[in-house]
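To start, the structure under review is shown below, and the notes come after it.
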Amino acid sequence: DVKVTQSSRYLVKRTGEKVFLECVQDMDHENMFWYRQDPGLGLRLIYFSYDVKMKEKGDIPEGYSVSREKKERFSLILESASTNQTSMYLCASSSGKSTGELFFGEGSRLTVL
Amino acid sequence: AQSVSQHNHHVILSEAASLELGCNYSYGGTVNLFWYVQYPGQHLQLLLKYFSGDPLVKGIKGFEAEFIKSKFSFNLRKPSVQWSDTAEYFCAVNRENAGNMLTFGGGTRLMVKP
Chain A
33 DVKVTQSSRY LVKRTGEKVF LECVQDMDHE NMFWYRQDPG LGLRLIYFSY DVKMKEKGDI
93 PEGYSVSREK KERFSLILES ASTNQTSMYL CASSSGKSTG ELFFGEGSRL TVL
Chain B
35 AQSVSQHNHH VILSEAASLE LGCNYSYGGT VNLFWYVQYP GQHLQLLLKY FSGDPLVKGI
95 KGFEAEFIKS KFSFNLRKPS VQWSDTAEYF CAVNRENAGN MLTFGGGTRL MVKP
C-alpha cells in the first residue's frame with residue numbers, strides 16, 4: 033500500500049521560530065509537493081520538486097523554503113514562523129508519469145502563536 | 035492564471051438524496067480534471083479523473099462526473115448519498131503537459147444526515 037508519512041501531526045510554535053516539516057514517501061516517486069490547506073481556499077501549492085535537489089516555486093512560496101536531499105524525503109522549512117502561517121500542511125507525491133494522481137499524507141496542523 | 039471554482043462551500047443532505055457538486059475552471063486549453071475526497075480524519079484521495087474520451091466518468095463508491103467543455107465544468111454527482119459520504123470534496127485541474135501540477139478548488143464540505 034502506498035504511503036506518504038508526515039513526521040508531525042500537530043505542532044505549536046511561537047512567532048519567529050524556525051519550523052521543519054518532514055515528509056517521506058515509500059513509492060519511489062519522482063515528484064513531491066507541499067500544499068497548505070485553509071478553509072474556503074482549498075489547497076494551495078507552496079513548492080514542488082520533480083527530482084532530488086530540484087525545486088520549483090508554487091503559487092505561494094513566500095516565507096517558505098524546501099529541501100530534497102534524498103528521493104524519498106521532502107522537507108518544508110519556515111525560516112521565521114508567523115501567525116499567518118497557521119494552517120494545515122499537506123505533503124503529496126506522484127510518479128513521473130503525468131497521471132495527475134497525487135498521494136497525500138495525513139497532514140501537519142501547525143499553530144503559530 | 036488558472037483557477038478552479040466550487041460554488042457550494044457547504045452542502046447538507048439527507049440520506050438517499052441526490053448530490054451534485056459544481057466545479058468550473060478558467061483555463062481554455064486542454065485540461066485533465068479530477069475530484070479528490072477527504073473523509074473526516076483521513077488523507078485526501080482520488081475519487082475520479084477525466085483525461086479524454088467519454089465525458090461521463092465513473093469513480094469509486096458510485097460517484098460520477100461529467101465534463102462539459104463548452105461550460106468549462108466538471109460537476110460531481112451521485113444518485114443516492116449515504117451517511118458515509120460525509121466528507122470534503124475538492125475539484126482539481128491540470129493543464130496538458132503540466133505534469134502533475136494540480137490547481138485545486140476551494141472545496142465543498144458535504145454533510146449527510148442519517
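As you go down the protein sequences, you meet chains A and B in turn. Residue 33 is where the first sequence starts when you use this note's numbering, and the numbers rise one by one after that. Residue 35 is where the second sequence starts when you use this note's numbering, and the numbers rise one by one after that. All C-beta atoms, glycine included, are put in the ideal place defined by N, C-alpha and C.
(message) Taking contact to mean 3 or more Cβ pairs, one atom from each stretch, closer than 8 Å, check whether the stretch 34-47 of chain A and the stretch 58-68 of chain A are in contact.
(response) Segments in contact, yes.
(request) Kindly indicate which three-state DSSP category residue 47 of chain A falls into: helix, strand or coil? (result) In this structure, residue 47 of chain A counts as coil in the three-state DSSP scheme.
(request) Starting from residue 57 of chain A, follow its DSSP beta bridges and name the residues at the other end. (result) Its beta-bridge partners are A/36.
(request) Quick one: list the residues of chain A neighbouring residue 141 of chain B, beta-carbon separation under 9 Å, in chain order. (result) Proximity of chain A to residue 141 of chain B at the Cβ level (cut-off 9 Å) is accounted for by 69, 71, 72, 73, 74, 75, in chain order.
(request) Report the neighbours of residue 126 of chain A on chain B: residues whose CB is nearer than 7 Å to its CB, in chain order. (result) Among the residues of chain B, those whose CB is under 7 Å from the CB of residue 126 of chain A are 134, following chain order.
(message) Between residue 167 of chain B and residue 142 of chain B, how many whole angstroms is the CB-CB distance? I'm expecting something under 8 Å.
(response) Past the boundaries of the shown model lies residue 167 of chain B; chain B is included only from 35 to 148, so the question cannot be answered.
(request) Would you identify the three-state DSSP class for residue 96 of chain B, choosing helix, strand or coil? (result) Helix at residue 96 of chain B.
(request) Look at residue 51 of chain A and residue 143 of chain A and say whether their C-beta atoms are less than 7 Å apart. (result) The beta carbons of residue 51 of chain A and residue 143 of chain A sit no closer together than 7 Å.
(request) Please go through the same chain and pick out, in chain order, the residues whose beta-carbon is closer than 6 Å to the beta-carbon of residue 112 of chain B, but skip the five residues on each side of it. (result) Cβ within range, chain order: 53, 96, 97.
(request) Report the rounded CA-to-CA distance for residue 60 of chain B versus residue 77 of chain A, giving the unit in angstroms. (result) If you take the alpha carbons of residue 60 of chain B and residue 77 of chain A, they lie about 17 Å apart.
(message) Considering just the uninterrupted stretch of the beta strand (DSSP E) at residue 83 of chain B, what are its terminal residues?
(response) From DSSP, the beta strand (DSSP E) with residue 83 of chain B extends over 79-84.
(request) Check the Cβ of residue 80 of chain B against every Cβ in chain A and list those closer than 9 Å, keeping chain order. (result) Listed along chain A are 132, 133, 134, 135, each with a C-beta nearer than 9 Å to that of residue 80 of chain B.
(request) Just confirm the distance between the C-beta atoms of residue 89 of chain A and residue 81 of chain A, as a whole number of angstroms; I'd bet it's less than 8 Å. (result) No, residue 89 of chain A and residue 81 of chain A are not in contact; Cβ-Cβ is about 11 Å, not under 8 Å.
(message) Considering only their Cβ atoms, is the gap separating residue 95 of chain A from residue 122 of chain A smaller than 7 Å?
(response) Going by beta carbons, residue 122 of chain A and residue 95 of chain A fall outside the 7 Å limit.
(message) So, for residue 107 of chain B: in the same chain, excluding its five sequence neighbours on each side, which residues have a beta-carbon less than 6 Å away from its beta-carbon?
(response) Result list for residue 107 of chain B: 58, in chain order.
(message) At the level of alpha carbons, what is the spacing between residue 119 of chain B and residue 78 of chain B?
(response) Whole-angstrom Cα-Cα distance: 14 Å.
(request) Determine the chain B residues that contact residue 53 of chain A at a beta-carbon separation under 9 Å, and present them in chain order. (result) Result: empty, since nearest Cβ-Cβ is about 15 Å, beyond 9 Å.
(request) Please determine, among B/69, B/46, B/51, the residue with the shortest C-alpha to C-alpha distance to residue 123 of chain B. (result) Ranked by Cα distance from residue 123 of chain B, the options B/69, B/46, B/51 are led by B/69.
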